[in-house]
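J.: This is the structure I want to talk about, given as structure tokens.
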Amino acid sequence: AYHVEGIGYDFVPTVLDQDVVDYWVKTDDDESFAMGRNVVRHEGLLIGGSCGATMAGAYKFIRENNIGKDKRVAVLFADSSRNYMSKFMDDDWMSANGFKMQDFSRTTKEKGFFAKLFGL
1 AYHVEGIGYD FVPTVLDQDV VDYWVKTDDD ESFAMGRNVV RHEGLLIGGS
51 CGATMAGAYK FIRENNIGKD KRVAVLFADS SRNYMSKFMD DDWMSANGFK
101 MQDFSRTTKE KGFFAKLFGL
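Per UniProt numbering, the sequence shown starts with residue 1, numbered consecutively.
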């Protein structure tokens, strides 16, 4: 079972052209929600859980392939947090569903979250 909505279904949409995909990355619910909440907290982008999965996948891809600081990676966020306020954005829901809670009291001062995440 999975909790990230919108991805992970047991079928492949007919509009997906798999021939144009260069690299696949799997993420789990924990890392997807943690990344999504971090992006909301530190960058102010009101994204949904599937966007957290997208960003977590980009992070894995960059690390696994040693993408240097001189390269650019585009990440598209296709939804917002509007429909998830009572789910992954809610601490009580996260706890009730057994997800790890992170300490969000830390702030980023001199650099943004993405800069710190990727060591920029």
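Ideal Cβ placement from N, Cα and C applies to all residues, glycine included.
With S50 and G6 assumed to form a contact (beta carbons below 8 Å), what rounded beta-carbon distance in angstroms separates them?
T.: Here residue 50 refers to the residue found at position 50 when the sequence shown is read from its first residue. Here residue 6 refers to the residue found at position 6 when the sequence shown is read from its first residue. Contact between S50 and G6 holds, with the beta-carbon distance rounding to 4 Å and staying under 8 Å.
J.: By alpha-carbon positions, which one of V20, I62 and L76 ends up nearest to D70?
T.: Locating residue 70 in the sequence shown gives position 70, counting from the first residue. Check the Cα spacing between D70 and each of V20, I62 and L76: the tightest is with I62.
J.: Below 6 Å CB to CB, which residues in the same chain sit around residue 122 once its five sequence neighbours on both sides are set aside?
T.: There is no way to answer for residue 122, as the model of the chain reaches only from 1 to 120.
J.: Quick one: grab the DSSP three-state call for R30.
T.: Position 30 of the sequence shown holds residue 30. It is worth fixing the name first, because residue 30 is Asp in this sequence and not Arg. If DSSP states are grouped into helix, strand and coil, D30 belongs with the helices.
J.: May I ask you to report which of helix, strand or coil DSSP gives N38?
T.: Mapped onto the sequence shown, residue 38 falls at position 38. Note: N38 maps to helix in three-state DSSP.
J.: Just to confirm the assignment, what range does the alpha helix (DSSP H) spanning E64 have?
T.: The count along the sequence shown starts at 1 and reaches residue 64 at position 64. Membership of E64 in the alpha helix (DSSP H) is indicated by the continuous run G49 to E64.
J.: Pull up the distance between the alpha-carbon of G52 and that of Y23, whole angstroms please.
T.: To locate residue 52, count along the sequence shown from 1; it is residue 52. To locate residue 23, count along the sequence shown from 1; it is residue 23. Using only the alpha carbons, I get a separation of about 18 Å.
J.: Considering M94, what are the terminal residues of the alpha helix (DSSP H) in which it resides?
T.: Working through the sequence shown from its first residue, we reach residue 94 at position 94. M94 -> alpha helix (DSSP H) spans D91 to A96.
J.: Using DSSP with H/G/I as helix, E/B as strand and the rest coil, what is E5?
T.: Locating residue 5 in the sequence shown gives position 5, counting from the first residue. It is coil, neither helix nor strand.
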